[in-house]
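I have placed the structure first, in the form of structure tokens, so that the comments after it can refer back to it.
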Amino acid sequence: MLLRFDHVNCIYDPDASEPVHALTDVSLSVGGGEFVGLIGHTGSGKSTLVQHMNGLLRPTSGTVFADDTDIWSDRYDRKALRARVGLVFQYPEHQLFETDVLADVCFGPRNLGRSREDAERDAKEALSMVGIEEALFSQSPFDLSGGQKRRVAIAGVLAMHPEILILDEPTAGLDPRRREEILSLISELHETQHISIVLVSHSMEDVARYADRILVMDNGKVLYDDPPAAVFARHRELAAIGLRAPEAALLLSELSEAGLSGFDTYAVSAEDTAKEILQAMHSPQGVAADREGAV
Amino acid sequence: MSTSADSSRAARDILDARDLTFRYVRRDEEGQVVQATVALDGVSFSIRAGDFIAIIGHNGSGKSTLAKHLNALLLPDQGTLFVDGLDTHDAAKILEIRRTAGMVFQNPDNQIIGQIVEEDVAFGPENLGVPTEKILTRVENALSRVDMLKKRHASPNKLSGGQKQRVSIAGILAMKPKVLILDEPTAMLDPSGRQEVLSAVHALNRDEGITAILITHDMEEAADADRVIVMDRGKIAMTGTPREIFSRSEELATLGLAVPFPTQVADLLGKQGVSLPGTPINRQELVAMILQTASAFK
Amino acid sequence: MAMLKDITLGQYYPADSVIHRLDPRVKVVVTLGFIVSLFVISTIPGYLLAALFLWLWIRLSRVPLRFMLRGMKSVFFLLFMTVVFNLFLTPGETLISWGKLVITKEGVRIASLMAIRLVFLILGSSVMTFTTTPTRLTDALESLMRPLTRLHVPVHEIAMMMSIALRFIPILMEETDKIMKAQMARGADFESGNIIKRAKNLIPLLVPLFISAFRRANDLAMAMEARCYHGSEGRTRMKPLVYARRDRAAYLLLLLYLVLSVVIGRDLLHLSSLFFPGGGV
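Chains as they are written, first to last, in numbering that gives the first Met the number 0: chain A, 0 to 294; chain B, 0 to 297; chain C, 0 to 280.
And the structure:
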């Protein structure tokens, strides 16, 4: 499915003396199997934007279309929309409430009116997707470790069979090992389940490795909507709005400013970065450039 | 860390831990032990006044438990811990210990007590019974050291995460501490908030000689410390300068920890036959080393 | 959201007036004194006196009247019910009647007096909340209730609890909003169904909210301990409450008003005969 924003504005407190423009003239589309990264510092409007994607917030003006239907038109079933556009909030484990893991994951499918058997089947399927073993199904979600809780919470949304999965800061507060686990889980969902992903983060590193496209938000506006390479190239502009380009992009750009050139593509992982550097060091052009740079 | 000989700073141990052991015990209704988890298992170290120490380790490695021992929020089951010469077991000295080693926590919202910034900063001195006429000076001084004086009359709810954490630091500074313990203070912040907090802590350490103990998941943050302590399963797995620690990337990997990105790149270059003149721990060092090696290539 | 965050300061209206500068304890005592006077007074001249006092109290505070009246909106229903009950249910001399509904002379009198009392009471106490930050108010209550510590009432602890509650209300409200939205994203419905179903639907909201409140309480307790909190013993204050000359003047004015309200309000001088030749109200 495809979500399309057409000149969407969102103003909190329009009557107040200082109305808050949370979104200003946002036009974009997400979905269609893509992996989109949504980046911005705290308060840039990214959380507001994603809450418009599943109809939790209503635009002050402008239209949100789901497959060409206005989601705020009369009789539009927004509950069904919320199943198709799954939204995993920040710290989703804080929303767990049931007595056991399986029941908690069933909450979504049951709300959609699925029978107990169907809901349980969906829940079990979702739990296995996120790598929670059956032995934990009957445990209290509150007895799980931090990383497990988060995966159960993600399963709670997956069990509704979303076509688009939006995750708001899914790695916040986790240690590096668990961050890695969550990120590769998301990437796997994208690849094997063909779910469109919108990954919201203030960390470029997190989204850089997987996203086909990056949306950068600042002050309620979409500043850039480009492939990763094009976004990283603007690392100075990113720094100015409180964001940090991935370490690899910063490294390569510093090297080329210092005179070592010959990089032909952008890199994100340490492996690719090392490869780029090796290539530049070995190319005659790179060394020549270096000599000039050293003068 | 007193074994290090290369330092020119005054060698006085402000923190001295000997064989700390601590278990979290869960009991059932009858008081029977259901589960006991060893969080600290024979931890010994000493830290010189004025050092900047990073403690790293994955979740559950015992680093937060260790931090809570450093200002006597937890007392060791076995072993002793001296904070500026005071034994944390000595109940009479507990306020003196907490004043000396102040603690900043992870969640910016859950540690601000006052409804106005300056009221919150005054909370510590008020508890210590500092005379009224001196509290305001302390509060103003503490807020200006973290560059938050402009916001003294603001409500904490209107501040950004980085600003809230700086107010929390000011709340500790107003107690005139010698040690600042920071338990993952940047984990809930965005990159600019993170930068604000870290530069404030580094400035306090550098300019005023306040000992900083930073617990973190972020290897780039650890790379800027004087010394790194690596925790694993309640034990100290490694200690050393960041360079010493990060040059042992394979050992770190077995503990589930990665080295900073520039160090990773340097390692990979090394495997490809490009040996750099040392172990870079930040981007500046790596860039310099690569350029040096590249010009030697021609 | 921005609105929720403003609740911290209650309905505090920042301005620089005599009333703003008064010691919060004075404001609490004046408010209480005024409320008591409203129940002592039972004559028209008495109410005129109270109206005069209230007018002075509001004017000096420099809080625009429309702000005060906005606050009245929320209690309008209470006011309306009080008037209706008293109007129809007071026995006495019949004025008007439609079948079983009877309005009596006494009913009209009591209903209008109740309405005046309520309006005066709300306006009078809102001057206090408009001119005093919750923190100063808590400080005042702690100080005024201090004698109760001798009766083993944990006055300091109660005051500390109040001020922490005030600090966390906006945070928990924001959290409520977030959890609600998160559960709605999982198809939860908080708006439809009968009352039992609705109550049941609140479980997915309330359980996480309570857990979060406990987690925050736990964190906060630890943070307070780390900052050397150990109860009220040996505690000093950055801004202790100190009476100034204007505070003493305010107490004197209050005393004068209370004496007058007894003398006039209880009709000790028989002034009422000027208004109601038949006697007191």
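All C-beta atoms in this analysis are idealised placements derived from N, C-alpha and C, irrespective of residue type, glycine included.
- Of all residues in the region 126-158 of chain A, the ones placed with a Cβ closer than 9 Å to any Cβ belonging to chain B are S144, G145 and G146, in chain order.
- Secondary structure at C:Y46: helix, using DSSP grouped into helix, strand and coil.
- With a contact defined as Cβ atoms closer than 8 Å, B:A221 and B:I55 qualify at about 5 Å.
- Under a criterion of Cβ atoms nearer than 7 Å, the residues of chain B adjacent to A:A269 are, in order, F260, Q263, V264 and L267.
- Under the Cβ distance rule, B:N204 does not count among the residues neighbouring chain C, no pair being separated by less than 8 Å.
- Under the 8 Å criterion on CB atoms, C:Y228 is classed as interfacial with respect to chain B.
- Leaving aside the five residues that flank B:F104 on each side, the residues in its chain whose CB is nearer than 7 Å to its CB run, in chain order, Q110 and D182.
- From the beta-carbon of B:E125, the residues of chain C found nearer than 7 Å are R234, T235, R236 and M237.
- In the three-state reduction of the DSSP assignment, B:V258 falls in the coil class, being assigned neither a helical nor a strand state.
- By the Cβ-count criterion, A:Q94 is buried, with 16 or more other Cβ atoms from all chains shown falling within 10 Å of its own Cβ.
- The Cβ-Cβ distance between B:S43 and B:D76 does not fall below 8 Å.
- Contacts with chain C at 8 Å (Cβ-Cβ) do not include A:H281.
- DSSP lists C:L100 as the beta-bridge partner residues of C:W97.
- In this chain, the alpha helix (DSSP H) harbouring C:H19 covers V17 to R20.
- When C-alpha distances from C:V35 are compared across C:R247, C:V62, C:T81 and C:G123, the shortest belongs to C:G123.
- According to the DSSP secondary-structure assignment, B:V24 is paired through a beta bridge with B:A35.
- The Cβ atoms of A:V100 and A:P161 lie no closer than 8 Å to each other.
- Secondary structure within the region 156-223 of chain A: the beta strand (DSSP E) runs of 3 or more consecutive residues, fully enclosed, are 163-167, 195-200 and 212-217 (chain order).
- Between A:I131 and A:V151, the CB-CB gap stays under 8 Å.
- Taking 8 Å as the upper bound for CB-CB distance, A:F106 and C:P207 are not in contact here, some 12 Å apart.
- Look at the region 96-125 of chain B: the residues with a C-beta under 8 Å from a C-beta of chain C are R97, R98, G101, M102, F104, N106, D108, N109, Q110, I111, I112, G113, Q114, I115, E117, E118, A121, F122, G123, P124 and E125.
- DSSP, reduced to helix, strand and coil, places C:A225 within a helical segment of the structure shown.
- The C-alpha of B:N281 is placed about 27 Å away from the C-alpha of B:K234.
- Residues of chain A with a Cβ closer than 7 Å to the Cβ of B:H216 are, in chain order, D174 and P175.
- For the region 232-260 of chain A, the set of positions with a beta-carbon nearer than 8 Å to some beta-carbon of chain B reads G241, L242, R243, E246, A247, L249, L250, E253, L254, A257, G258 and L259 in chain order.
- Boundaries of the beta strand (DSSP E) around B:Q77: Q77 to V82.
- Comparing C-alpha distances from C:T130 to each of C:P23, C:I95 and C:L117 shows the shortest one belongs to C:P23.
- Below the 8 Å Cβ cutoff, chain C contributes no neighbours of B:V24, its closest Cβ being approximately 17 Å away.
- Put simply, the backbone Cα of A:I163 is about 6 Å away from that of A:I196.
- Sequence-distant Cβ neighbours of B:P279 in its own chain, meaning closer than 7 Å and more than five residues away, are P261, T262, A265, L285 and M288.
- Contact of B:M174 with chain C is assigned, a C-beta pair being separated by under 8 Å.
- The alpha carbon of C:I57 has as its nearest neighbour, out of C:K26, C:V101 and C:I194, the alpha carbon of C:K26.
- When beta bridges are read from the DSSP output, A:G36 appears opposite A:L198 and A:I213.
- A:H189 is classed as buried because its beta carbon has at least 16 other beta carbons within 10 Å across all chains shown.
- Of A:V230, A:L237 and A:A238, the smallest CA-CA separation from A:Y265 is found for A:V230.
- For B:T253, there is no enclosing beta strand (DSSP E); the enclosing alpha helix (DSSP H) has its first and last residue at S248 to T253.
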